Amino acid sequence: MQPKAALATIECVRGDITCQPDMDAVVNAANAELRPGGGVAGAIHRAAGPELDAACRAHAPIAPGQAVITDAFGLPNRHVIHCLGPVYGRDHPAETLLGDCHRNAIALAGDAGLASIAFPALSTGIFGYPIAEAAEVAVQAVVAALADAGSLQRLRFVLFSPDDLAVFDAALRSHQP
Ligand code: AR6
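Going by the working numbering, the first residue of the sequence shown is number 17, and it counts up by one from there.
(1) Tell me which same chain residues have a C-beta within less than 8 Å of the C-beta of K20, skipping the five on either side of it?
(2) I need the straight-line Cα distance from V96 to A57, nearest angstrom please.
(3) Alpha carbon to alpha carbon, what distance is there between N44 and D69?
(4) What three-state label does DSSP hand P19 in the structure shown?
(5) Closer than 7 Å: is that where the CB of P136 sits relative to any heavy atom of the ligand AR6?
(6) I need the straight-line Cα distance from D107 to A24, nearest angstrom please.
(7) What does a CB cutoff of less than 6 Å around L124 pick up in its chain, not counting 5 residues either side in sequence?
(8) Alpha carbon to alpha carbon, how far is A186 from A110? Give it in angstroms, no decimals.
(9) Taking DSSP as the reference, what is the three-state secondary structure of T34?
(10) Quick one: grab the DSSP three-state call for T25.
(11) Could you tell me if the beta carbon of F89 falls within a distance shorter than 7 Å of some heavy atom in the ligand AR6?
(12) Could you name the residues of the same chain whose beta carbon sits closer than 8 Å to that of M39, not counting the 5 residues immediately before and after it, in chain order?
(13) How close, in whole Å, do the beta carbons of G81 and N120 come, if the pair is a contact with beta carbons under 8 Å?
(14) Could you say which of H75, H61 and P77 lies nearest to G90 if we only look at CA atoms?
(15) Cβ of G55 less than 8 Å from any chain B Cβ?
(16) Can you tell me which of L188, D180, G55 and E49 puts its alpha carbon nearest to the alpha carbon of T34?
(17) When you compare only the Cα positions, how much space is there between L113 and P102?
(18) Helix or strand or just coil, what does DSSP make of T86?
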């Protein structure tokens, strides 16, 4: 019988998703057309360069909850995994769609044999998802998905503000005492 693989570690840090050089993949809070846009998507496309925009064209458009993987070009990572989170109050059921983003991103990372992945707080900026609700959904989804995630050993949530970091830390503690 194969020994059961050790569970992946999950951590929360304050920082910029474009400055995570020790992660195999970073997740983009994308728009449906996978174009640069603002927030995380703007920062990722600026750091990756125009080749990322060109690579995204073949995959667009995507639907809420969906994830697609590309190379990372100028970013210090191997891949970008682009997720379209739900617009809060418009895309239903928001909790399922936000969970799907995390589950689908982890599945793509596992299929690509990646060891590490970093997520921003998907949907909590321009898309308006309240941070505490989003943290609960995100943490619950990744804890469950990592139990079956093959190669993945490390998962990181990268939060832009100290307040958002505190909220994600609390959600993580409540799921991993
Ligand atoms: N690193 C980490 N977190 C960041 C960064 C960064 N560089 N920049 C912003 N955040 P958002 P969404 C935080 O709006 O809500 C875009 O225009 C931010 O404080 O990027 O999913 C796309 O084109 C917030 O907590 O993503 C879409 O149209 C979180 O990341 C739309 O916005 C997500 O903010 C996607 O909206």
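All C-beta atoms in this analysis are idealised placements derived from N, C-alpha and C, irrespective of residue type, glycine included.
Bear in mind that the values here come from a model prediction, so they are computed numbers and not experimental data.
Answer, in terms of the structure:
(1) Residue confidence is low: K20 scores 43 on pLDDT, short of 50, so the model does not pin down where it sits. No coordinate-derived value is stated.
(2) 11 Å
(3) 12 Å
(4) Confidence at P19 is low in this model, with a pLDDT of 42, below 50, so its placement is unreliable and the value that follows should be read with caution. In this structure, P19 counts as coil in the three-state DSSP scheme.
(5) yes
(6) 30 Å
(7) Closer than 6 Å at Cβ, skipping near neighbours: A83, I85 and I97.
(8) 21 Å
(9) If DSSP states are grouped into helix, strand and coil, T34 belongs with coil.
(10) strand
(11) Checking the Cβ of F89 against the ligand AR6 gives no.
(12) N93, S132, I133, A134, R170 and R172
(13) Yes, they are in contact, since the Cβ atoms of G81 and N120 sit about 7 Å apart, within 8 Å.
(14) H61
(15) Among the protein chains of the structure shown there is no chain B, as only one such chain exists.
(16) G55
(17) 6 Å
(18) strand
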